[in-house]
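See below for the structure under consideration.
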Amino acid sequence: MKKENYEGFSDNAIRLLSAPKGNSKLAMAHFIAMSDLFNSKSNPNGYISLGIAENVLSYDILKEKLVLGDSKESGEVTAVPPQVLTQYSDIGGIPQLRELIAVELLQNQVFKGYKPTNNKLLVKKEQILVSGGATPLLENVFNLFCNEGEKCIIPSPFYPSFVYDAFQRFGVKVVAAKSEVFNDNDEIIDFKLDLDVFESLYNQGGVKMVLLCNPNNPTGYIFKPTEIKQLVNWCHSKKIHLISDEIYALSVFNENGNEFKSIYEILEGDLGEYVHILNGFSKDFCLNGYRIGYFYSQNEMVFRYMVSTSAFYSCSNIAQYTAINILKDREYLERYIKTNQKNLKEAYEFASNLLNQYSIPFIKSSSGVFLSLDLRACLKCLPDEDDEDNKDAFSKEIKLWEAIFGNKVFLNSGKLCYFDKPGFFRLVFTLPKDFVEQGIKRIATVYNSLLNK
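Using UniProt numbering, the first residue of the sequence shown is number 1, and each one after it goes up by one.
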């Protein structure tokens with residue numbers, strides 16, 4: 001084996017490059033699938049990727065706003081002057097976009113028109129920072145509140161890349177606060193922000209912040225406002241910061257689940273010094289490739305830090321003017337949100353009906369672009385790991401994942417999402433129906449063949 005040459009590299013670069021690679025097949029699965037993607041006509045035996053959180057269902061209504069400019073009655077389009085797009089813009093975001101995010105998006109939509117009794121707590125554009133996606137924002141927040149080796153608590157299960165975002169450059173550790181509630185039949189019946197779990201993790205030392213993803217990725221679960229308020233009070237008592245990631249706030253489609261309330265509404269507009277909101281356009285607006293994120297904080301020192309470092313992750317003018325084009329048309333914005341939520345609901349019902357048809361258990365979802373499969377029943381049908389050194393509670397889950405991937409379907413495993421027990425998998429349903437139908441059919445083939453062994 002060729003010896004690695006790190007001569008001249010920084011300690012941080014060496015730490016990253018020499019880190020254990022983990023399961024290389026898991027890491028490369030997405031790229032393998034994308035290089036040989038399913039097409040019902042031209043490549044019916046290709047891979048089906050149900051593992052990437054993208055919503056392709058609302059492009060038809062979205063595309064009318066992806067042309068920069070205002071459509072006139074004549075049907076002509078007045079383009080944004082090219083010079084505006086080629087010049088530098090304000091650090092932290094174009095003022096018009098920050099104003100639109102503050103009023104039209106947050107106050108009127110995400111916060112559902114809620115206005116605190118104290119007008120000083122209304123969202124101001126001076127408290128909004130725009131960036132090139134939510135990921136660099138979050139990475140910078142980890143660097144703001146944590147030193148290398150310190151910890152962030154995240155209720156689990158959670159989005160796998162949070163671990164990467166925290167650790168990759170700044171060495172911040174993520175610790176999972178289990179939220180699953182099982183009944184006597186070992187079924188997940190609820191999720192709970194259990195302060196006893198948070199307290200136990202805090203007492204182990206080094207905890208500097210909490211990250212709450214609500215609505216939750218990967219389950220689509222919406223946490224109860226009373227529990228969120230209790231968690232905020234707990235953070236205040238420890239003087240640690242809480243980041244509320246609300247990137248799926250407008251992707252709620254199931255009225256039978258818990259009602260989503262932004263942490264802003266829960267706290268009656270008073271975020272104070274320790275609570276901050278992270279959001280973006282990738283999920284609710286299906287603009288993953290545009291890379292538009294935004295951050296809201298009432299803490300002046302926190303905001304000063306974020307602005308002072310924002311040059312490293314600024315958002316392009318083209319992307320910002322696209323967002324302006326969407327938000328400045330209130331009638332369109334409301335129509336888009338309703339249409340997208342309708343599309344999400346129909347896609348969820350299509351996927352859940354198929355899963356029921358094939359007798360595949362899953363956890364009901366209320367929001368987002370995904371649901372979680374519960375394939376634990378067939379784990380006992382898989383052989384035990386021969387290598388005792390590699391044997392852990394999730395070794396059979398990896399075998400099951402490999403069997404599903406061998407049948408050319410890519411899913412996120414529960415281990416990557418920090419589920420408490422093995423056998424859960426995240427499935428994205430916001431794809432063309434033939435993708436979803438064929439993918440579930442292939443999963444059912446693996447699942448039922450193992451059960452019938």
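A virtual CB, placed ideally from N, CA and C, is assigned to each residue, including glycine. Fair warning: this is a prediction, and the values are worked out from it, not measured in the lab.
Per-residue burial, residue i [other beta carbons within 10 Å of its own, 16 or more giving buried]
| i | result |
| --- | --- |
| Ala13 | exposed |
| Tyr88 | exposed |
| Met28 | exposed |
| Met34 | exposed |
| Lys72 | Because the pLDDT at Lys72 is just 49, under 50, the model does not fix this residue reliably, and the value given afterwards should be weighed accordingly. Result: exposed. |
| Gly293 | buried |
| residue 488 | Missing from the structure shown is residue 488; the chain here goes from 1 to 453 and no further. |
| Gly75 | Its pLDDT being 46, under 50, Gly75 is placed unreliably by the model, and the measurement read from it follows with that caveat. Counting Cβ neighbours within 10 Å, Gly75 comes out exposed, since fewer than 16 surround it. |
| Arg426 | buried |
| Asn448 | exposed |
| Asp284 | buried |
| Gln298 | buried |
| Phe31 | exposed |
| Ser282 | buried |
| Asn216 | buried |
| Asn353 | exposed |
| Gln127 | buried |
| Ile360 | buried |
| Ala393 | exposed |
Beta-carbon proximity of residue i to residue j, cut-off 8 Å
| i | j | result |
| --- | --- | --- |
| Val110 | Glu246 | yes |
| Ile277 | Tyr296 | yes |
| Lys328 | Leu100 | yes |
| Val252 | Gln341 | yes |
| Ser179 | Pro218 | no |
| Leu201 | Ile153 | yes |
| Gly280 | Ala134 | yes |
| Ile222 | Gly257 | yes |
| Val207 | Lys151 | yes |
| Asn55 | Thr430 | yes |
| Tyr418 | Ala176 | yes |
| Ser40 | Asp434 | yes |
| Ile61 | Ser310 | no |
| Val302 | Leu144 | yes |
| Ser367 | Tyr264 | no |
| Leu212 | Leu242 | yes |
| Leu122 | Gln107 | yes |
| Tyr274 | Cys235 | yes |
| Thr371 | Gly220 | Sequence check: residue 371 is Leu here, not Thr. The answer is yes: Cβ separation under 8 Å. |
| Lys408 | Gly46 | yes |
Boundaries of the beta strand (DSSP E) in which residue i is found, first to last residue
| i | result |
| --- | --- |
| Leu278 | Val275 to Gly280 |
| Val130 | Ile128 to Ser131 |
| Ile440 | Per DSSP, Ile440 belongs to no beta strand (DSSP E); it is in the alpha helix (DSSP H), Lys433 to Leu451. |
| Asp190 | Ile188 to Phe191 |
| Ala13 | Ala13 -> not in any beta strand (DSSP E); alpha helix (DSSP H) instead, spanning Asp11 to Leu17. |
| Leu57 | Note, Leu57: premise wrong, no beta strand (DSSP E); not H, not E. |
| Gly293 | Gly293 to Ser297 |
| Ile243 | His241 to Asp245 |
Residue from the options whose Cα sits closest to the Cα of residue i
| i | options | result |
| --- | --- | --- |
| Phe182 | Phe405, Ile363, Phe223 and Phe425 | Ile363 |
| Arg376 | Pro422, Val207 and Phe253 | Pro422 |
| Met209 | Val232, Phe223, Gln357 and Gly93 | Val232 |
| Ala319 | Ser131, Gln127, Val123 and Asn185 | Ser131 |
| Cys381 | Ser372, Leu344 and Ser395 | Ser395 |
| Ser413 | Phe31, Ser365 and Gly51 | Gly51 |
| Val141 | Leu121, Leu17 and Phe167 | Phe167 |
| Lys261 | Arg169, Thr226 and Tyr348 | Thr226 |
| Asp374 | Trp234, Asp11, Ile443 and Ile222 | Ile443 |
| Asn254 | Gly206, Arg330, Lys173 and Glu349 | Glu349 |
| Arg98 | Lys112, Asn119 and Lys124 | Lys124 |
| Pro82 | Gly113, Lys229 and Asn317 | Asn317 |
| Lys25 | Cys417, Ala403 and Tyr418 | Ala403 |
| Glu334 | Leu250, Leu379 and Ile188 | Leu250 |
| Lys453 | Pro383, Glu148 and Phe424 | Pro383 |
| Val369 | Asn288, Tyr305 and Leu37 | Asn288 |
| Val428 | Ala19, Ile48, Tyr6 and Arg15 | Ile48 |
| Gly205 | Pro432, Val84 and Lys238 | Lys238 |
Boundaries (first-last residue) of the alpha helix (DSSP H) holding residue i
| i | result |
| --- | --- |
| Ser314 | Per DSSP, Ser314 belongs to no alpha helix (DSSP H) and is neither H nor E. |
| Glu331 | Arg330 to Gln357 |
| Val84 | Pro82 to Thr86 |
| Cys235 | Pro225 to Lys238 |
| Asp270 | Note, Asp270: premise wrong, no alpha helix (DSSP H); not H, not E. |
| Arg98 | Pro95 to Leu100 |
| Asn91 | Just to set this straight, residue 91 is Ile in the shown sequence, not Asn. Element bounds for Ile91: n/a, residue is neither H nor E. |
| Asp165 | Ser161 to Phe167 |
| Ile263 | Ile263 to Ile266 |
8 Å Cβ cutoff, residue i in contact with chain C
| i | result |
| --- | --- |
| Gly368 | As a matter of chain content, chain C is missing from the structure shown, which is built from one protein chain. |
I want to know whether the region 397-404 touches the region 159-167 - three or more CB-CB distances under 8 Å.
no
Inter-stretch contact (C-beta, 8 Å, three-pair minimum) for the region 169-178 and the region 330-347:
no
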